[in-house]
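Working notes for the structure below.
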C-alpha cells in the first residue's frame, strides 16, 4: 500500500487497527490513500488506478471539476474507489437509512469547523452526509456567505410527496470542537444527531423521538476512517463507481 505523504501518518494509524496486514510500498502498490484536501486528488487517484491499483481511498474529498471526475471514472476499469468522508462515512450515519419521516418538518444541519476551513469542502461534507443518511440531496440550495462561515437554505424530500425545509449552517470557530449537529423536527417526530470527526474516536450520538418516547441508536465505536478502509478492502479489485456517482450528485447541489 501507499499514501500521500501529507496523510501517511494518519493512514498508518488506521491501518494498524485493521484485522489484516498491509505492507507499505515506495513503488507500485495495490492500495493507494489519496489526500482529498490537496489539489489534483482526482488526477492522482486516476494515475494510481492506471498504474494497476486494486483500490483507491480518497480521504476528505474536496470539490473537483466534472472533467476530472470523468477522467477518474474512465480509469476505474479494475479499481475500486472509496471516498472517506469525515461525517458521511461514520458507521452511525448508515443506521438512519431505515428511519422514515411520517410528514414534513424542518431539518437543521450545523457544521462546526476550525477558523480558516474551506467553506465549500465543509458544505460538501454536509450534503454528502444527507445523501448517506437519507438517500437524497436537496434539489437547490440558496447560499449566503458570512464573515465566519455560510448559511444555505433549501428543501429536502425525506418522504415521497412531502418536503422538509432545510437550513445548513457552516460555522467556523475555534471555540467549539468540530462536529456536525443535525436536528429534524416534525409534528410527531424528532431526530437529533451529533457526529464527530474520525480523529476524535468519539461515537456519533443519534436519538429518535416519537409518540412512544426516545430511542437512542447504538453507539458504534468505529471511526469513519476505519469503516472506509473496511469498505475498500471488501470491494478491492472490483470496479466500483457508486461513491463517485454520489459525489456527482452532491457537487450538482453546490454548483
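In the UniProt record's numbering, the protein residues as written are 1 to 255.
Glycine included, every Cβ here is placed at the ideal spot set by N, Cα and C.
What are the start and end residues of the alpha helix (DSSP H) that includes residue i?
{"i": "residue 93", "result": "91–95"}
{"i": "residue 44", "result": "41–50"}
What is the C-beta distance between residue i and residue j, in whole angstroms, given that I count them as a contact (C-beta under 8 Å)?
{"i": "residue 133", "j": "residue 96", "result": "4 Å"}
{"i": "residue 79", "j": "residue 49", "result": "4 Å"}
{"i": "residue 82", "j": "residue 232", "result": "4 Å"}
{"i": "residue 92", "j": "residue 220", "result": "5 Å"}
Suppose the cutoff is 6 Å on Cβ atoms and the five residues either side in sequence are ignored; what does the same chain contact list for residue i look like?
{"i": "residue 214", "result": "207"}
{"i": "residue 169", "result": "110, 151"}
{"i": "residue 105", "result": "164, 184, 185, 186"}
{"i": "residue 144", "result": "151"}
{"i": "residue 216", "result": "207"}
{"i": "residue 193", "result": "182, 206"}
{"i": "residue 265", "result": "The structure shown does not extend to residue 265, since the chain is modelled only from 1 through 255, so no value can be given for it."}
Can you name, in chain order, every residue of its own chain whose Cβ lies under 7 Å from the Cβ of residue i, other than the five neighbours on each side?
{"i": "residue 173", "result": "112, 115, 148"}
{"i": "residue 38", "result": "4, 6"}
Closer than 7 Å to a non-hydrogen atom of the ligand ZN - does that hold for the CB of residue i?
{"i": "residue 137", "result": "Among the components modelled here there is no ligand, and therefore nothing to report on the ligand ZN."}
In three-state DSSP terms, what is residue i?
{"i": "residue 108", "result": "strand"}
{"i": "residue 64", "result": "coil"}
{"i": "residue 21", "result": "coil"}
{"i": "residue 184", "result": "strand"}
{"i": "residue 127", "result": "helix"}
{"i": "residue 6", "result": "coil"}
{"i": "residue 164", "result": "strand"}
{"i": "residue 72", "result": "helix"}
{"i": "residue 11", "result": "helix"}
{"i": "residue 231", "result": "helix"}
{"i": "residue 113", "result": "strand"}
{"i": "residue 200", "result": "helix"}
{"i": "residue 140", "result": "coil"}
The beta strand (DSSP E) with residue i in it runs from where to where?
{"i": "residue 222", "result": "Looking at the DSSP string, residue 222 is not in any beta strand (DSSP E), and its letter there is neither H nor E."}
{"i": "residue 33", "result": "31–35"}
{"i": "residue 246", "result": "No beta strand (DSSP E) contains residue 246, which is instead part of the alpha helix (DSSP H) from 242–254."}
{"i": "residue 149", "result": "149–159"}
{"i": "residue 103", "result": "Element bounds for residue 103: n/a, residue is neither H nor E."}
{"i": "residue 54", "result": "Taken as a continuous stretch (DSSP letters only), residue 54 belongs to no beta strand (DSSP E), as it is neither H nor E."}
Short of 8 Å in beta carbon distance, which residues of its chain neighbour residue i, apart from the five on each side in sequence? Order them along the chain.
{"i": "residue 236", "result": "30, 31, 54, 55, 80"}
- Do three or more CB pairs link the segment 25–40 to the segment 50–66 at distances below 8 Å? The answer is yes - the segment 50–66 touches the segment 25–40, with three or more Cβ pairs under 8 Å.
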